[in-house]
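Count the first sequence with UniProt numbering and you get residues 1 to 272, in order. Note that CB positions come from ideal geometry on N, CA and C, so glycine has one too. The model shown is predicted, which means the values in this text are computed figures rather than measured ones. Structure first, then comments.
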Amino acid sequence: MRAPHLADPLGGIVTGGQGKPRIHGRAPPNPLIVTCVTAGDNTVYAAVVEFWPRTEEEALATQDALRARVVSAPGPADPATVAGLDVAYDDSGDRLSAAVVVLDAADLTVRDLVTINGRPAFRYVPGLFAFREVPALMAALAKLTVRPDVLVCDGHGLAHPRRFGLAAHLGVLTDLPSFGVGKTRLVGEWEPVGEERGSRSALIDEGETVGAVLRTRTGVKPVFVSVGHRIALDNACALTLRLAPRHRLPETTRAADRACRDLLSRPARSCG
DNA sequence: GCGACAG
DNA sequence: ATCTTGTCGC
1 MRAPHLADPL
11 GGIVTGGQGK
21 PRIHGRAPPN
31 PLIVTCVTAG
41 DNTVYAAVVE
51 FWPRTEEEAL
61 ATQDALRARV
71 VSAPGPADPA
81 TVAGLDVAYD
91 DSGDRLSAAV
101 VVLDAADLTV
111 RDLVTINGRP
121 AFRYVPGLFA
131 FREVPALMAA
141 LAKLTVRPDV
151 LVCDGHGLAH
161 PRRFGLAAHL
171 GVLTDLPSFG
181 VGKTRLVGEW
191 EPVGEERGSR
201 SALIDEGETV
211 GAVLRTRTGV
221 KPVFVSVGHR
231 IALDNACALT
241 LRLAPRHRLP
251 ETTRAADRAC
261 RDLLSRPARS
271 CG
């Protein structure tokens, strides 16, 4: 019994339902527990997918450990379903809403949508950004009923100081193909990008190509595309262009952004 | 010491 | 991320 969208749990399975949670198998310190409720008996099953860090030092160590699990592969050139993920914060900054929207890649219609309320899991530190949002996003991913063929993340993948940004992190934890589409740069330099939609320039950091600066709309500031897990940069760029026929950002990101903002600005509700 | 620094 | 008005252009 486990969520169909999660990679093999690193630390075991949690069951509990209404009672006290029990961890079967290895019980790590600081587990990240992703829960999902089965439709049948309402029992809560949860996968322990990672040891969750509490300090910057632990976070760096976690990145080092997980980085080794990134898989380089061509990935799907023509996926049937694509997921967009995003998070919105309230004024105080201690509450958030996360959204995962699965679109049909052919016509960009919504196939599935999950939104969830939560709290940031880490303070914002450039380079450790994923630790803020991954728990909420994983919880939302666990509730999907339609399996996405690729994750389109709001942030970077390998275009990261240690080559393990949010998109890579989510890819490894779910083992799904993933890449990031960022609005601004974190690392790297690039030559000027042609003004035409579709033009791109290699994003280079420390001598290696870590992504692409891609123009999705003629005359509009380009986006930063970088691979996360199990997909190649060319496929990620081609897909980004397909997903952004009209606007600067892909429809996946726009739909997820709308969904999480919507939940945030709405009266409190449960999302069982 | 002074910038740069995903969201 | 979030706080914010008008403005230029398809």
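{"Asked": "Since I believe PRO177 is in contact with VAL150 (beta carbons under 8 Å), could you give me their beta-carbon distance rounded to a whole number of angstroms?", "Found": "4 Å"}
{"Asked": "Just to confirm the assignment: which complete beta strand (DSSP E) runs, minimum length 3, are found wholly within the segment 97–168?", "Found": "110–118, 150–153"}
{"Asked": "So, are the CB atoms of ASP86 and THR253 less than 8 Å apart?", "Found": "yes"}
{"Asked": "Does the Cβ-Cβ distance between LEU186 and HIS156 come in under 8 Å?", "Found": "yes"}
{"Asked": "If you pair each beta-carbon of the segment 135–154 with each one of the segment 208–224, do three or more pairs fall below 8 Å?", "Found": "no"}
{"Asked": "Alpha carbon to alpha carbon, what distance is there between HIS169 and LEU113?", "Found": "21 Å"}
{"Asked": "Would you identify the three-state DSSP class for VAL172, choosing helix, strand or coil?", "Found": "helix"}
{"Asked": "DSSP state of LEU32, grouped into three classes?", "Found": "strand"}
{"Asked": "Nearest-angstrom Cα distance between ALA83 and THR55?", "Found": "30 Å"}
{"Asked": "Mark PRO53 as exposed unless 16 or more other C-beta atoms lie within 10 angstroms of its C-beta, in which case mark it buried.", "Found": "buried"}
{"Asked": "Mind pulling the alpha helix (DSSP H) runs of 4 or more residues that sit fully within the segment 225–253?", "Found": "233–243"}
{"Asked": "Roughly how many angstroms lie between the CA atoms of VAL110 and VAL146, to the nearest whole one?", "Found": "11 Å"}
{"Asked": "What is the rounded straight-line gap between the Cα of VAL34 and the Cα of PRO222?", "Found": "35 Å"}
{"Asked": "Please state whether DSSP places residue 316 in a helix, a strand or coil.", "Found": "The question about residue 316 has no answer here: the residues shown for the chain are numbered 1 through 272."}
{"Asked": "Mapping the DSSP letters down to three states, classify LEU203 as helix, strand or coil.", "Found": "strand"}
{"Asked": "Looking at the structure shown, is TRP90 part of a helix, part of a strand, or coil, going by DSSP?", "Found": "One detail in the question is off: residue 90 reads as Asp in this sequence, not Trp. ASP90: coil per DSSP, three-state reduction."}
{"Asked": "If LEU103 and ALA255 are in contact, beta carbons under 8 Å, what's the gap, nearest whole angstrom?", "Found": "7 Å"}
{"Asked": "Would you call ALA39 buried or exposed, if buried means 16 or more other Cβ atoms sit within 10 Å of its Cβ?", "Found": "Confidence is the limiting factor: at ALA39 the pLDDT is only 43, short of 50, which leaves the residue's position unreliable, though a coordinate-based value still follows. Answer is exposed; the Cβ neighbour count stays below 16."}
{"Asked": "Would you identify the three-state DSSP class for ARG266, choosing helix, strand or coil?", "Found": "coil"}
{"Asked": "Measuring only the C-alpha atoms, how far is GLN63 from VAL225?", "Found": "20 Å"}
{"Asked": "ALA80 and PHE131: beta carbons closer than 8 Å?", "Found": "no"}
{"Asked": "Would SER97 pass as a contact of CYS260 if the rule is Cβ separation under 8 Å?", "Found": "yes"}
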